[in-house]
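Each protein sequence line maps, in turn, to chains Y and L. Its first residue numbered 0, the first sequence is counted upward by one per residue in numbering that gives the first Met the number 0. Its first residue numbered 0, the second sequence is counted upward by one per residue in numbering that gives the first Met the number 0. Notes for the one structure printed next.
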Amino acid sequence: MRILEKILGRHPHWGVHPDDHKRPAADAPLRSLPLPEVLYVPLQQHVGNPARPVVLVGERVLKGDLIAEPNGNISAPVHAPTSGWISAIGEITAPHPSGLPQLAITITADGADAWCERLPVADPFALAPEEISRRTAAAGVVGLGGATFPAAVKFNLGRRLQVGTLIVNGGECEPYLSSDDRIMRDRAAEVVDGLRIVMHAIGAREALIGIEDNKPQAIAAMRAAAAAFGNVQLRVVPARYPMGSDKQLIQTLTGKEVPADARAAEVGVLVHNVSTCAAVHRALRRGEPLVERIVTLNGGALTRPGNVLAPIGTPVVDLLRFAGVSGRPARLVLGGPMMGIVLPHARVPIVKGASGILAFDAAEARTLTAGPCIRCGSCTRACPMGLLPLEMASRIGVGDLDSAASFGLSDCISCGCCAYVCPAHIPLVQFFSHAKGELSARERSRLRNDATRRLAEDRAARLAREAREKAAASARRKAERDAAKAAAEGGSRPLSMRIADTTSEAAT
Amino acid sequence: MIPPRPAGPVAAPHATAGTNVTRVMLWVCAALLPATLFGFWLYGWPAIHLWWLTTASAIVGEALCLRLRRQPVLPSLCDASALLTGWLLALSLPPWAPWWVGVVGGLFATVIGKQVFGGLGQNLFNPAMVARVMLLISFPVPMTLWTAPLPLLSANAPGFVDGLRITFGTPPATLDAMSSATLFGYARSELSRGVDLLQSLAAAQAPTINLLGERAGSLGETASLLIAAGGLLLLGLRLISWHIPFAMLATIALFASLMHGLDPARYLSVSTHLLSGATMLGAFFIATDYVTSPNTAVGQLLFGAGVGFLTYVIRTWGGYPEGVAFAVLLMNALTPVIDRYVKPRIYGRDRRGTPLEIES
């Protein structure tokens, strides 16, 4: 069947090729944002438990000082992005479409931007791999491609599973975004040094850097930086969305397919983003925690689109002012247009995973009315996971979630290819997100019900046991009493009783 | 800087490929245009009148049902799917068929063939073929009365008014009944008279096929090359995939060559099967209907091969000289079954859906 698939062209004919809109923003030189007056640093900027504040309101902090420590195994610390004082610890609007409140530490900048004491490592390769993990974790480095999974946790996993190949993700397949492109052009040496440190941390033999062919300058810069290292190879991959997705990039670069219930590390590869590698370099070589990142500012409503280096916690409104807004943006998006989330307003801060802020004009934000599905199958051809979006959506539409799950809903990566190509403009991703949420809520309540039932059963069993034991004990006592009575009447008393009699006689 | 609140929830992706259903339907209509215009020229004004009557009836039927279903009429009509259904039906009718054939067929196609099932995307069977088969079974005489080509502007071609009179059932006395036979019909009746194909096709009155399509047949089915050109346009625009047309044509060709090779006196040749009747229109425009065909590549190959096989069987051994419409409907009925058993392999899983083994 695999051969048939190849002939029929199922692979790699997945995905879509949207207009990339990356230029001119990608070609504009990297700028530094003037230091904002106030920074709002959320405690949850990563996958896992939110960090726990270790500072008090009014306290002075220097840039890079720890302000919140990790909480649990999967968590990440948060550091002060500039020097100043803690003006509040409380709720702000989260950078999330719900607009729900989220805990954050507010820092009022003193303008000096003075660093704390940094502990650079001259030769990270002399350190034990465990020590690199420890320092990476302490620097608060998380996956900067958008997943924001704590990087050190992945290092440890890779080391434990003896991963041989590190894949460095320079795909950046989302349209509009160019922060990874920029970091590869401007800081290629840092990226390559960082990825070599990551290789050392996980014990990988080789590294494959995958870059889409629409970034010639990044390819040239990275090729030059990696030339000296024989075990670091650069592979140019076709520009095809979602090439930057782990599974698709692994398949394109190594031909390996990650089994549905396994992690990439289990097939011997680990994926890290180029920006994450650069952050690891800074954490080790300079002793700098992750307190700033490159953010792409793009979209039709901006007059000077481009990439800026901005401290974590910068309010989006400051970034937009810097990039010049013409009129009122019709929509603000955090991330790329294919998977990004809508921001409720511009007074939310950027976080570690914020690769871009897009300010769409009315034309870009146009939402089209959905019509009936004509079963054209465009979604099926576009799906990089080999799913049948139209079948799943039709079942979710009538509330048959279990049937949708049997079509592989759990394998959906929400890349948005299906909804992008749909001529009927059906919001397929929304269908799937709804169904996934509903199914997981159902699963949670099933687990809760199971637990409740188990507790009730245990209690019933315990009560029955106690009743049984009580009955047995009373039966035993009754038997003993009966026996004693019989002995008293018959004169043949048990030995113990006779001994008791003698001792009591002796005492008297 | 607060962007205006959108009317509904807005989720990713915030981009679209910029296509829409109307555009898809209109491109298919555009691909039909060369063969249609050729049909108009070949069969003159009666064919033009039949075409507009049929498409208008299909659109009226759709509008009526949308109204009864309390759906927005105009936006739904704008998807041009009713236009395409009526158009395809018109192309499959005898060009000089009376007005009521077009009207009944057009209404039946959208009302019974499509809207009764729930409208666009919900019908199990191809609406145009449902209507054509209903007409063929219910009114076999007007549905098998073929006209010899009488090109527009030729000496005795009917004019606009005479065309109307032909379509509306009062043909002018001056006009001879220019009835003719299709090749399939002729071959079948001769065979049933005991005349084998070698003799009957060599006879002077035998219909011939030529690549241009100047012969008796349905309004838009004779110009095989023009239809195929339209089909290639759709393939080039990636509006249809190659799987169904290829499988259907290859299967017909395979069986025709096999049987013709065995006994040329009883079985028609490959070129006859491919170039006459509804083969080309069926392969590129009818069997490829999105709604009623499977949605995976392998499923489409099976479907196309099934249509091809059934077409050959019905033409050769069945009760009707032409079998594309029946074959398409029969395979339409199998589409849900094919879709149930033929699914693409999910990344990270085998065909049965179990996760792949971990190999490192």
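Think of the CB as a built atom: it goes at the ideal place given N, C-alpha and C, for glycine as much as any other residue.
Could you name the residues that DSSP lists as bridge partners for residue i?
| i | result |
| --- | --- |
| Gln43 (chain Y) | Answer is none; Gln43 (chain Y) lacks a bridge partner. |
| Ser179 (chain L) | L:Trp145 |
| Pro96 (chain Y) | None, per the DSSP bridge assignment. |
| Leu386 (chain Y) | DSSP output for Leu386 (chain Y) lists no bridge partner at all. |
| Ile208 (chain Y) | Y:Val167, Y:Leu233 |
| Leu331 (chain Y) | Y:Ala358 |
| His78 (chain Y) | Y:Leu65 |
| Arg51 (chain Y) | Y:Glu68 |
| Leu367 (chain Y) | Beta-bridge pairing links Leu367 (chain Y) to no other residue. |
| Ile91 (chain Y) | Y:Gln101 |
| Asn306 (chain Y) | Y:Thr295 |
Return the residue from the list the options that minimises the CA-CA distance to residue i.
| i | options | result |
| --- | --- | --- |
| Pro119 (chain Y) | Y:Pro422, Y:Ala282, Y:Cys372 | Y:Ala282 |
| His95 (chain Y) | L:Val9, L:Ala264, L:Leu92, L:Ser191 | L:Val9 |
| Gly35 (chain Y) | Y:Phe321, Y:Phe148, Y:Val231 | The displayed chain sequence assigns Pro, not Gly, to residue 35 (chain Y). Answer by Cα proximity: Y:Phe321. |
| Thr18 (chain L) | Y:Arg452, Y:Gly370, Y:Asp457, Y:Lys153 | Y:Gly370 |
| Phe124 (chain L) | L:Pro335, L:Leu236, L:Ala89, L:Trp44 | L:Pro335 |
| Cys375 (chain Y) | Y:Cys417, Y:Val332, Y:Thr92, Y:Val341 | Y:Cys417 |
| Gln161 (chain Y) | Y:Val190, Y:Pro128, Y:Ile201 | Y:Ile201 |
| Arg327 (chain Y) | Y:Leu301, Y:Ala309, Y:Thr313 | Y:Leu301 |
| Arg131 (chain L) | L:Thr146, L:Leu65, L:Ser91 | L:Ser91 |
| Ile311 (chain Y) | Y:His20, Y:Leu387, Y:Tyr39, Y:Ser31 | Y:Tyr39 |
| Leu190 (chain L) | L:Tyr266, L:Val102, L:His259, L:Ala156 | L:Tyr266 |
| Glu173 (chain Y) | Y:Ala25, Y:Asp112, Y:Leu194, Y:Ala113 | Y:Ala25 |
| Trp40 (chain L) | L:Ala62, L:Glu213, L:Gly112, L:Val27 | L:Glu213 |
| Val231 (chain Y) | Y:Asp212, Y:Arg222, Y:Ala206 | Y:Ala206 |
| Ala264 (chain Y) | Y:Ala483, Y:Ile88, Y:Ala478, Y:Asn155 | Y:Asn155 |
| Arg187 (chain L) | L:Val102, L:Trp26, L:Gly322 | L:Gly322 |
Could you have a look at residue i and say whether DSSP puts it in helix, strand or coil?
| i | result |
| --- | --- |
| His280 (chain Y) | helix |
| Ile6 (chain Y) | With a pLDDT of 48 at Ile6 (chain Y), under the threshold of 50, the modelled position of that residue is not reliable, and the figure given next carries that caveat. DSSP places Ile6 (chain Y) in helix when its eight states are reduced to three. |
| Leu16 (chain Y) | Rather than Leu, the amino acid found at residue 16 (chain Y) in this sequence is His. Note: His16 (chain Y) maps to coil in three-state DSSP. |
| Ser217 (chain L) | coil |
| Arg129 (chain L) | Checking the sequence shown, residue 129 (chain L) turns out to be Val, not Arg. Residue state, collapsed to three classes: helix. |
| Val341 (chain L) | coil |
| Lys246 (chain Y) | helix |
| Gln101 (chain Y) | strand |
| Trp95 (chain L) | coil |
| His271 (chain Y) | strand |
| Gln232 (chain Y) | strand |
| Trp114 (chain Y) | strand |
| Pro335 (chain L) | helix |
| Trp84 (chain Y) | strand |
| Leu229 (chain L) | The residue asked about is misnamed: residue 229 (chain L) is Gly in this sequence, not Leu. Correct three-state label for Gly229 (chain L): helix. |
| Ser153 (chain L) | coil |
| Tyr185 (chain L) | helix |
| Arg1 (chain Y) | Because Arg1 (chain Y) sits at a pLDDT of 48, beneath the cut-off of 50, its placement in the model cannot be relied upon, and the following sentence gives the value as read from the coordinates. Looking at Arg1 (chain Y) - three-state DSSP - the assignment turns out to be helix. |
| Val290 (chain Y) | coil |
| Thr379 (chain Y) | helix |
Answer yes or no: do residue i and residue j have a C-beta to C-beta separation smaller than 8 Å?
| i | j | result |
| --- | --- | --- |
| Gly355 (chain Y) | Asn297 (chain Y) | yes |
| Ile349 (chain Y) | Val294 (chain Y) | yes |
| Thr250 (chain L) | Phe308 (chain L) | yes |
| Pro17 (chain Y) | Ala14 (chain L) | yes |
| Leu119 (chain L) | Gly60 (chain L) | no |
| Ile285 (chain L) | Leu87 (chain L) | yes |
| Thr166 (chain L) | Pro97 (chain L) | yes |
| Lys246 (chain Y) | His45 (chain Y) | no |
| Leu342 (chain Y) | Leu333 (chain Y) | yes |
| Trp114 (chain Y) | Gly63 (chain Y) | yes |
| Pro76 (chain Y) | Ala137 (chain Y) | yes |
- Query: Any residues in the stretch 326 to 340 of chain Y with a beta carbon nearer than 9 Å to a beta carbon of chain L? Which ones, in chain order?
  - Reply: Those would be Arg327, Pro328, Ala329, Arg330, Leu331, Val332, Gly334, Gly335, Pro336, Met337, Met338, Gly339, Ile340, in chain order.
- Query: Can you list, in chain order, the residues of the stretch 324 to 350 of chain L whose Cβ is nearer than 7 Å to any Cβ on chain Y?
  - Reply: Lys342, Pro343, Arg344, Ile345, Tyr346, Gly347, Arg348, Arg350
- Message: Short of 7 Å Cβ to Cβ, which residues in the stretch 226 to 260 of chain Y face chain L?
- Response: Within the stretch 226 to 260 of chain Y, the residues whose Cβ lies closer than 7 Å to some Cβ of chain L are Lys246, Glu256, Val257, Pro258, Ala259, Asp260, listed in chain order.
- Residues of the stretch 402 to 421 of chain Y whose Cβ lies closer than 7 Å to any Cβ of chain L, in chain order: Gly407, Asp410, Gly415, Ala418, Tyr419, Val420
- Message: Counting only Cβ-Cβ distances shorter than 9 Å, please list the residues of the stretch 428 to 452 of chain Y near chain L, keeping chain order.
- Response: Val428, Gln429, Ser432
- Taking any Cβ of chain Y, which residues in the stretch 224 to 252 of chain L have a Cβ under 7 Å from it, in chain order? none
- Query: Between the stretch 14 to 43 of chain L and chain Y, which residues of the former have CB atoms less than 8 Å from a CB of the latter, in chain order?
  - Reply: Ala14, Thr15, Ala16, Thr18, Asn19, Val20, Arg22, Val23
- Query: If contact means a Cβ-Cβ distance below 7 Å, which residues of the stretch 288 to 315 of chain Y contact chain L?
  - Reply: none
- Item | Residues of the stretch 260 to 275 of chain Y whose Cβ lies closer than 8 Å to any Cβ of chain L, in chain order | Residues Asp260, Ala261, Glu265, Val266, Gly267.
- With 9 Å as the limit, tell me which residues of the stretch 96 to 122 of chain L have their beta carbon closer than that to any beta carbon of chain B; keep them in chain order. Within the model displayed, chain B is absent; protein chains Y and L are what it includes.
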